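Q: Below is the structure I would like to discuss, written out as structure tokens.
2 protein chains.
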Amino acid sequence: MIYDEAARRDREDPLAPLREAFALPEGIVYLDGNSLGALPKAVPGRIRAMLKDEWGQDLIASWNCHGWIDLPQRVGERIAPLVGAAPEQVLCCDSISVNLFKLLATALALRPGRHTILVEAGDFPTDRYLTEGLAAFLGETRCRVREAPGDRLADALDDDVAVLLATEVNFRSGRRHAMDELTRAAHEAGALALWDLAHSAGAMPVALDACGVDLAVGCGYKFLNGGPGAPAFLYVARRHQNVVEQPLTGWLGHRDPFAFADRYQPAAGVLRYQAGTPSILALRSLEAALEVFDGIDLQALRAKSLALTDFFLAAVAAEPACEALTVLTPGDHGERGSQVSLAHPEGYAIAQALIEDGVIVDFRAPDIVRFGFAPLYNSFADAAAAARSLADVLAGARHRAERFRVRARVT
Amino acid sequence: MIYDEAARRDREDPLAPLREAFALPEGIVYLDGNSLGALPKAVPGRIRAMLKDEWGQDLIASWNCHGWIDLPQRVGERIAPLVGAAPEQVLCCDSISVNLFKLLATALALRPGRHTILVEAGDFPTDRYLTEGLAAFLGETRCRVREAPGDRLADALDDDVAVLLATEVNFRSGRRHAMDELTRAAHEAGALALWDLAHSAGAMPVALDACGVDLAVGCGYKFLNGGPGAPAFLYVARRHQNVVEQPLTGWLGHRDPFAFADRYQPAAGVLRYQAGTPSILALRSLEAALEVFDGIDLQALRAKSLALTDFFLAAVAAEPACEALTVLTPGDHGERGSQVSLAHPEGYAIAQALIEDGVIVDFRAPDIVRFGFAPLYNSFADAAAAARSLADVLAGARHRAERFRVRARVT
């Protein structure tokens, strides 16, 4: 019955054909695209060509003749429309961690006299660790960290806050912040807003320019499907460009790197946020992956994402065996990301039992099973199969099997 | 005659068969491996398998089942013997620029009360830019930069120098520092020694442990052949591990990243120098490239490198047309890297004319033509062809052709 309904929804889904752009393994229900996006079929061919025709054949000349040198900028411009950014504000480089360091330092420089970074309690670790690391490095006379719960961030703003760092969609709960409101609150307090888009970019429209966001970072390997450890991206609003320097002054951020000049002179605009030489393999992979988004209506993508999570939530609610699960995902569409998070004291074992069933989810301590829905390739049939498998595991207490008792490291 | 001699030397070269491990384009003499190493034939197959069997098939589980999570450490351990490092001191991650930031900050923390970074005038730009960037970020009460010429570095050491940063082989001149003496001089002044191995690792033995080096960085895409923008590596001597933290406290440097703990606790040893998620594509490429070094005697590699540059220097000296060139490469073997640098007022046009002949060299401002010799794959025939082409260009004044007058950006 649920499978019939899922089949009907899939038939009626205008985005359903996009699944064919991905190489998904047979017999697997993959609901972990919020951790590692699936392999776009376009990637292997592009990588093969890059190895053979670029690196192998044209070698060093490829920096010019194949445009390697502009790839961070070009891939950034491909990401820009996905996050609501006009051109020349997005750059693809380094990791989120390294980019956060550059942008937090930028924010402190843009708000002299202010010393506090306000960060959300329970935000993704790297966001909090980097903030701590930067504060420890600069010393408390220059930088302090303040934490507040997600629903109290606006109240924690005061005239010492230089920048509010928040992740649009929380990695544990899947709860989505109101980017416009929180950005406005930061501005009213005289602070900047730095958004981490790791769990939103590529799964829903993001409106950086429209919300007046100052700075942002995002991930290349989750909903953008760029491959494991794909380069991250960063956004610097045009009004904040060319005002201050960032501390990781690598040679590729120089105005003219190939002059090999003695003194550092920052490149204009967002290009000064480059540091060292980027992996061309990694950039080519992400570049090919982004082509899947060509011509996609992001509102339609968001509608599908919400329909998938609605469908899954309803299917779980209809299963008596699932009663013991606590739904962390907000019911309100405006507050929901593209995942469903279910808490259970035996969450770890439940996740392992689901994976054994071929339903690939992940576990986040202390008790959360995450079901990530990537609207580019997940189907209603995936959601139905996951709900059935979950009910089956719980009804049969299959997660209590001895083999799930040893707690192993999971990603 | 020079070709006969070259052919004889190639026949007698025990390392000559290694050239077969690389996919070198037909009809090209590639002498730019000190900028971008050639493509090892093992790489495409390994990348294809990584895409299909790892990312494509096992998806997120690959972090464990294919050992992605340990790759920075494992690739680091493969590099360790090439730089004379005992295990658990080398990590492969990020770029040289980002790693320099981590290690310079480490050095300042290890030498509290000292505030000066001593750096070589004319060193590779990123080394100097990063040093400037760090000093500007910390402010002059905490960090100052002092520059000295390469042959005056030891004299410039005093009791405010926290760390001496030097590149073993200079990118312009190809001159090699005496790592042991300069490290000893730094230690006698109470400073640490941080070495950049970009132009030495993979071309000659490096003896980090034996020289008592404190910290080092190196490049994955020059003589290690890991591909354009391959991850860099860093070295932290065991005695300096677990003493201080580095500022780029990304989640992968945490003691237990997958606990997603609230507070940062650095991993033990060199692992705390990881920041964000690394590109697995880029690491797999470098890992495959490093297999070429399996079983190689680094002393034999060094002997071949010196024989190649000796042979090329002699061939150039024998050409009357080459009289106008100034040889920057030291005649003394102990002071020579694995490149020959020739200066000429029309160096840029000469490099372009050589490239048009299929002799791939590069130009470094203001007037240097660099001939990089990668002893893994360059032959004596390459050296002979380059010398002949150079003499031919100069004798015919071919570099004065109109088409070389427009100065374009070259890498």
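Going down the list, the sequences are from chains W and B.
Letter by letter, the first sequence follows residues 1 to 411 of my numbering.
Letter by letter, the second sequence follows residues 1001 to 1411 of my numbering.
C-beta atoms are modelled at their ideal positions from N, C-alpha and C, and glycine is treated no differently.
All values derive from a computational prediction rather than experimental measurement.
Assuming residue 1387 (chain B) contacts residue 1002 (chain B) under a Cβ cut-off of 8 Å, what Cβ separation, rounded to an integer in Å, is found between them?
A: Numbered from 1 along the second sequence, position 387 holds the residue referred to as residue 1387 (chain B). Numbered from 1 along the second sequence, position 2 holds the residue referred to as residue 1002 (chain B). With a Cβ gap of about 7 Å, residue 1387 (chain B) and residue 1002 (chain B) count as contacting.
Q: Cα separation between residue 203 (chain W) and residue 1366 (chain B)?
A: Your numbering for residue 203 (chain W) matches position 203 in the first sequence. Your numbering for residue 1366 (chain B) matches position 366 in the second sequence. Those two C-alpha atoms are separated by around 49 Å.
Q: Spatial neighbours of residue 379 (chain W) within its chain, please: CB distance less than 6 Å, with the 5 preceding and 5 following residues excluded, ordered by chain position.
A: On the first sequence, residue 379 (chain W) is found 379 positions in, with the first residue counted as 1. Cβ neighbours of residue 379 (chain W) beyond the five flanking positions: 10.
Q: For chain W, check one thing: does any of its Cβ atoms lie closer than 9 Å to the Cβ of residue 1062 (chain B)?
A: Translated into the one-based positions of the second sequence, residue 1062 (chain B) becomes position 62. Cβ-Cβ to chain W under 9 Å: yes for residue 1062 (chain B).
Q: Suppose contacts are defined by Cβ-Cβ distances below 9 Å. Is residue 104 (chain W) in contact with residue 165 (chain W) by that definition?
A: Within the first sequence, residue 104 (chain W) is the residue found at index 104, counting from 1. Within the first sequence, residue 165 (chain W) is the residue found at index 165, counting from 1. Yes. Within cutoff.
Q: When you compare each of W:230, W:175, W:130, W:126 to residue 38 (chain W) by their alpha carbons, which one comes out closest?
A: Along the first sequence, read from residue 1 onward, the residue named residue 38 (chain W) stands at position 38. It is W:230.
Q: Find the residues of chain W that neighbour residue 1364 (chain B), judging by a C-beta separation of less than 8 Å, and give them in chain order.
A: As a working mapping, residue 1364 (chain B) is identified with position 364 in the second sequence. Neighbours of residue 1364 (chain B) on chain W, chain order: 260.
Q: I want to see whether chain B comes within less than 9 Å of residue 57 (chain W), judged by CB atoms only; does it?
A: As a working note, residue 57 (chain W) is residue 57 in the first sequence. So, interface residue.
Q: Which residues in chain B have a C-beta closer than 9 Å to the C-beta of residue 392 (chain W)? List them in chain order.
A: Against the first sequence, residue 392 (chain W) aligns to sequence position 392. None at all; the shortest Cβ gap to chain B is about 21 Å.
Q: Listing by chain order, which chain W residues have their CB less than 7 Å from the CB of residue 1043 (chain B)?
A: Along the second sequence, read from residue 1 onward, the residue named residue 1043 (chain B) stands at position 43. Neighbours of residue 1043 (chain B) on chain W, chain order: 51.
Q: Any C-beta of chain W within less than 9 Å: which residues of the segment 1350-1381 of chain B qualify?
A: For the segment 1350-1381 of chain B, which is checked against every Cβ of chain W, the residues closer than 9 Å are 1355, 1360, 1362, 1364, 1365.
Q: Along the chain, where does the beta strand (DSSP E) that runs through residue 1196 (chain B) open and close?
A: Residue 1196 (chain B) sits at position 196 when you count from the first residue of the second sequence. 1192-1196 is the span of the beta strand (DSSP E), which, as asked, contains residue 1196 (chain B).
Q: Considering only C-alpha positions, which residue in the set W:216, W:67, W:6, W:355 is nearest to residue 283 (chain W)?
A: Counted from its first residue, the first sequence places residue 283 (chain W) at position 283. Measuring from the Cα of residue 283 (chain W), the nearest candidate turns out to be W:67.
Q: CB residue 173 (chain W) to CB residue 1227 (chain B), shorter than 9 Å?
A: Counting from 1 along the first sequence, the entry for residue 173 (chain W) is found at position 173. Counting from 1 along the second sequence, the entry for residue 1227 (chain B) is found at position 227. No. Outside cutoff.
Q: Measuring only between beta-carbons, confirm whether residue 1013 (chain B) sits less than 9 Å from chain W.
A: Position 13 of the second sequence, counting from 1, holds the residue named residue 1013 (chain B). Not closer than 9 Å to any Cβ of chain W, the Cβ of residue 1013 (chain B) fails to qualify, so no.
Q: Are the C-beta atoms of residue 110 (chain W) and some chain B residue less than 9 Å apart?
A: As a first step, residue 110 (chain W) must be located in the first sequence, where it is residue number 110. Not one chain B Cβ lies under 9 Å of residue 110 (chain W).
Q: Under the DSSP definition of a beta bridge, which residues are partnered with residue 1183 (chain B)?
A: Taking the first residue of the second sequence as 1, we reach residue 1183 (chain B) at position 183. DSSP output for residue 1183 (chain B) lists no bridge partner at all.
Q: Do residue 264 (chain W) and residue 1120 (chain B) have their C-beta atoms closer together than 9 Å?
A: As a first step, residue 264 (chain W) must be located in the first sequence, where it is residue number 264. As a first step, residue 1120 (chain B) must be located in the second sequence, where it is residue number 120. Not in contact: residue 264 (chain W) and residue 1120 (chain B) (Cβ atoms no closer than 9 Å).
Q: On the three-state DSSP scale, how would you describe residue 1083 (chain B)?
A: On the second sequence, position 83 is the one that residue 1083 (chain B) refers to. Residue 1083 (chain B) falls in the helix class under three-state DSSP.
Q: Leaving out five residues before and five after residue 389 (chain W) in sequence, what residues of the same chain have Cβ atoms less than 7 Å from its Cβ?
A: By 1-based counting over the first sequence, the position of residue 389 (chain W) is 389. Only 354, 357, 359 meet the Cβ criterion.
Q: Return the chain-ordered list of same chain residues with a C-beta closer than 6 Å to the C-beta of residue 1212 (chain B), the five sequence neighbours on each side being excluded.
A: Within the second sequence, numbered from 1, the residue matching residue 1212 (chain B) stands at position 212. Excluding positions up to five away in sequence, the list reads 1183.
Q: According to DSSP, simplified to helix, strand and coil, what is residue 1409 (chain B)?
A: What you label residue 1409 (chain B) is simply residue 409 of the second sequence in a count that begins at 1. Note that residue 1409 (chain B) has pLDDT 45, beneath the 50 cutoff, so the model's placement of it is unreliable and the number below is only indicative. Of the three classes helix, strand and coil, the one that applies to residue 1409 (chain B) here is coil, per DSSP.
Q: Which of helix, strand or coil does DSSP assign to residue 393 (chain W)?
A: Your numbering for residue 393 (chain W) matches position 393 in the first sequence. In this structure, residue 393 (chain W) counts as helix in the three-state DSSP scheme.
Q: Who are residue 1040 (chain B)'s beta bridge partners in DSSP?
A: As a position in the second sequence, residue 1040 (chain B) is number 40, starting the count at 1. For residue 1040 (chain B), which the question treats as bridged, DSSP gives the partners B:1022.
Q: Using the Cα positions of residue 986 (chain B) and residue 362 (chain W), report the straight-line distance between them to the nearest angstrom.
A: Given a span of 1001 to 1411 for chain B in the structure shown, any question on residue 986 (chain B) remains unanswerable.
Q: List the whole-angstrom C-beta distance separating residue 1301 (chain B) from residue 1015 (chain B), where the pair is believed to meet the contact cut-off of C-beta under 8 Å.
A: Counting from one through the second sequence, the residue named residue 1301 (chain B) turns up at place 301. Counting from one through the second sequence, the residue named residue 1015 (chain B) turns up at place 15. Yes, residue 1301 (chain B) and residue 1015 (chain B) are in contact; Cβ-Cβ is about 7 Å, under 8 Å.
Q: Excluding the 5 residues flanking residue 1142 (chain B) on each side, which residues of the same chain have their C-beta closer than 8 Å to its C-beta?
A: Translated into positions along the second sequence, residue 1142 (chain B) becomes position 142. For residue 1142 (chain B), where only same-chain residues beyond five positions count, the Cβ hits under 8 Å are 1108, 1115.
Q: Residue 7 (chain W) and residue 324 (chain W) look like a contact to me (Cβ under 8 Å); what is the Cβ gap, rounded to whole Å?
A: Translated into positions along the first sequence, residue 7 (chain W) becomes position 7. Translated into positions along the first sequence, residue 324 (chain W) becomes position 324. The Cβ separation is near 29 Å, so there is no contact.
Q: Consult DSSP for residue 1129 (chain B) and reduce its assignment to one of helix, strand or coil.
A: Working through the second sequence from its first residue, we reach residue 1129 (chain B) at position 129. Helix.
Q: Should the segment 240-259 of chain W be called in touch with the segment 330-340 of chain W, which here means at least 3 C-beta pairs below 8 Å?
A: Result no; under three Cβ-Cβ pairs closer than 8 Å.
Q: Residue 1222 (chain B): buried (16+ other C-beta within 10 angstroms of its C-beta) or exposed?
A: Looking up residue 1222 (chain B) in the second sequence gives position 222. Answer is buried; the Cβ neighbour count reaches 16.
Q: Any beta carbon of chain W sitting closer than 9 Å to that of residue 1246 (chain B)?
A: Indexing the second sequence from 1 puts residue 1246 (chain B) at position 246. Yes, contact with chain W.
Q: Cβ of residue 1252 (chain B) less than 9 Å from any chain W Cβ?
A: Along the second sequence, read from residue 1 onward, the residue named residue 1252 (chain B) stands at position 252. Closer than 9 Å to some Cβ of chain W, the Cβ of residue 1252 (chain B) qualifies, so yes.
Q: So the candidates are B:1247, B:1296, B:1274; which of them puts its Cα closest to the Cα of residue 136 (chain W)?
A: Reading the first sequence from its first residue, position 136 is the one you call residue 136 (chain W). Measuring from the Cα of residue 136 (chain W), the nearest candidate turns out to be B:1247.
Q: Can you check DSSP and say which residues form a bridge with residue 1370 (chain B)?
A: Here residue 1370 (chain B) refers to the residue found at position 370 of the second sequence. Looking at the DSSP assignment, residue 1370 (chain B) forms a beta bridge with B:1341, B:1362.
Q: So which residues of chain W does residue 1229 (chain B) contact, with C-beta pairs closer than 7 Å?
A: Position 229 of the second sequence holds residue 1229 (chain B). Residues of chain W passing the Cβ test: 277, 278, 279, 280.
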